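**Student:**
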Amino acid sequence: MWGWDELYEKYKDVGRGINTNIGGLRDQYICHQQFAFLKDRWNLDEWRPDVSYPSTVAAGCNRG
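Per UniProt numbering, the sequence shown starts with residue 1, numbered consecutively.
Given below as structure tokens:
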């Protein structure tokens with residue numbers, strides 16, 4: 001969805017990152033793409049908790 005599949009395919013085997021918290025990272029990615037696309041930097045953090053997508057949006061894309 002919106003480039004997520006390409007991002008996942010590129011980084012799925014890199015370290016522990018993207019597979020550590022795939023649900024939370026996906027929500028952060030989609031949130032940034034929909035609401036924060038003008039930001040210079042998107043902080044996609046695997047350590048942030050995997051909460052619902054609406055909670056991710058309410059937290060400005062980076063909950064926790």
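All C-beta atoms, glycine included, are put in the ideal place defined by N, C-alpha and C. Computed from a predicted model, the values in this text were never measured in an experiment.
1. Quick one: residues in its chain with C-beta nearer than 7 Å to the C-beta of I22, no 5 flanking neighbours on either side, listed in chain order?
2. Out of T56, Q28, V14, state which residue places its alpha-carbon closest to the alpha-carbon of W4.
3. How far does the alpha helix (DSSP H) with V57 in it reach, from first residue to last?
4. In the structure shown, what three-state DSSP assignment does R26 receive?
5. Have a look at L38 and V51 and give me their C-alpha separation to the nearest angstrom.
**Tutor:** Reading off the structure:
1. Against the sequence shown, residue 22 aligns to sequence position 22. Result list for I22: empty, nothing under 7 Å.
2. Taking the sequence shown and counting its residues from 1, one reaches residue 4 at position 4. Ranking T56, Q28, V14 by Cα distance to W4 puts Q28 first.
3. In the sequence shown, residue 57 corresponds to position 57, counting from 1. 53-58 is the span of the alpha helix (DSSP H), which, as asked, contains V57.
4. Here the question's residue 26 lines up with position 26 in the sequence shown. In this structure, R26 counts as helix in the three-state DSSP scheme.
5. The residue labelled residue 38 in the question sits at position 38 within the sequence shown. The residue labelled residue 51 in the question sits at position 51 within the sequence shown. C-alpha separation (whole angstroms): 24 Å.
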